[in-house]
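Student:
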Amino acid sequence: GDWVLFHPVYSPDELKSVDVVRHTPLNFSDKFIRDLVIFTRKAFDWVSGYTHKELTPEDEKLSVEELRKRGWILDDKAWLARILFLESIAGVPGMVAGTLRHLRSLRLMKRDGGWIHTLLEEAENERMHLMTFMTIRKPSWFFRFIVLGAQGVFYNGFFLAYLISPRLCHRFVGCLEEEAVLTYTHCIKEIEAGRVPEWTNAPAPQIAIDYWRLKPEATLLDTIYAVRSDESTHRFVNHSFANLSPEDGNPFAVTEPDMSVKGKVPGSVSLFARLC
């Protein structure tokens, strides 16, 4: 509805059109950003106890309870805690970048080239992910305190970094979104394999049905498919922005590729130009 900014609404085929893909570093700075994101993810995985073990055929014969007991899979509470934390941070870059582009436009007294709207759309979209998953369970005050600290550090750090190099910041976000697509893909596979039984037949939150225009009988799994598609959109947008100069116009203000592009490639200005 008109209570939110523009955001994609996906067909059933588009929801299944998302691949786990990686941007190929173009230079030393790209490689540095890639390594920084990988290090950050591994550190967060270790701190949070996240596991992505590839189960053997013998492992798959074990019960869900036994797999959880061995620490090889996550339960629904662990999945939800991870998602809530990540989504509370994921809404920061778009808002920071949009704010700085807005101030730049005012300072230079000229039009922005269409970037601000797309960046704010991304920030709101990530916030809607958080609002959706919060309908499942409200986080504790301790969890909220951790988010407060992480958000404060990340917001200010990203603010300063964007002043120095917008291109590298968009590359950083693009790489983060690659990890988000990987995480949600893992979550989808776990649900479909029956290893998160609490979510197997759980209904989609009403806010998700309204936001993504899902069918009334949609499930939580359908919601997660939609969230993953959003993350692949952010992946494509930010990697594409990283290939542009801050002085360039925003190609997404003209048109937006469908998931046959956004779900398959990490980002491309030349490919996008042919679609416009």
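Residue numbers (the numbering used here): 1085 to 1360. Heads up, the beta-carbon is just placed ideally off N, CA and C, and yes, glycines get one too. Bear in mind that the values here come from a model prediction, so they are computed numbers and not experimental data.
Between which two residues does the alpha helix (DSSP H) holding Trp1225 run?
Tutor: 1225 to 1248 is the span of the alpha helix (DSSP H), which, as asked, contains Trp1225.
Student: In whole angstroms, what is the alpha-carbon distance linking Pro1223 and Leu1164?
Tutor: Distance between the alpha carbons of Pro1223 and Leu1164: 9 Å.
Student: With a CB to CB cut of under 6 Å and the five nearest residues on each side skipped, what residues in its chain are close to His1091?
Tutor: Closer than 6 Å at the Cβ level, and outside the excluded window around His1091, lie Asn1209.
Student: Taking Asp1306 as part of the alpha helix (DSSP H), name the residues at either end of that continuous run.
Tutor: Segment 1304 to 1326, the alpha helix (DSSP H) holding Asp1306.
Student: Suppose contacts are defined by Cβ-Cβ distances below 8 Å. Is Gly1182 in contact with Leu1203 by that definition?
Tutor: Yes.
Student: For Val1307 versus Ala1292, is the C-beta spacing smaller than 8 Å?
Tutor: It is Thr, not Val, that sits at residue 1307 in the sequence shown. Yes, they are a contact pair.
Student: Starting from Pro1177, follow the alpha helix (DSSP H) in both directions and report where the run begins and ends.
Tutor: Here the alpha helix (DSSP H) through Pro1177 covers 1176 to 1192.
Student: Could you give the DSSP three-state label for Pro1335: helix, strand or coil?
Tutor: Note: Pro1335 maps to helix in three-state DSSP.
Student: Taking the CB atoms as reference points, tell me whether Val1349 and Val1102 lie closer together than 8 Å.
Tutor: Their beta carbons are not under 8 Å apart, which means Val1349 does not touch Val1102 by this criterion.
Student: Quick check: the Cα distance between Asp1097 and Ile1275, rounded to an integer number of angstroms?
Tutor: So the alpha carbons of these two residues sit roughly 19 Å apart.
Student: Considering only residues of the same chain and omitting the five flanking positions on each side of Ser1113, which have a CB-CB separation below 7 Å?
Tutor: Answer for Ser1113: Leu1252, listed in chain order.
Student: Looking only at DSSP bridge pairs, what is Pro1287 linked to?
Tutor: Pro1287 is bridged to Thr1303.
Student: Leaving out the 5 sequence neighbours to the left and right, which residues in its chain are closer than 6 Å to Thr1216 when beta-carbon positions are compared?
Tutor: For Thr1216, where only same-chain residues beyond five positions count, the Cβ hits under 6 Å are Pro1289, Ile1291, Ala1292.
Student: Measure the Cβ-Cβ separation of Asn1322 and Gly1258 and say whether it is below 8 Å.
Tutor: Contact flag set, yes.
Student: Say whether the stretch 1183 to 1202 touches the stretch 1128 to 1144, bearing in mind that this needs 3 or more beta-carbon pairs closer than 8 Å, one atom from each stretch.
Tutor: Not touching, per the Cβ criterion.
Student: Quick check on the burial criterion: 16 or more other C-beta atoms within 10 angstroms. Buried or exposed for Arg1154?
Tutor: Looking at its Cβ environment, which holds fewer than 16 other Cβ atoms inside 10 Å, Arg1154 is exposed.
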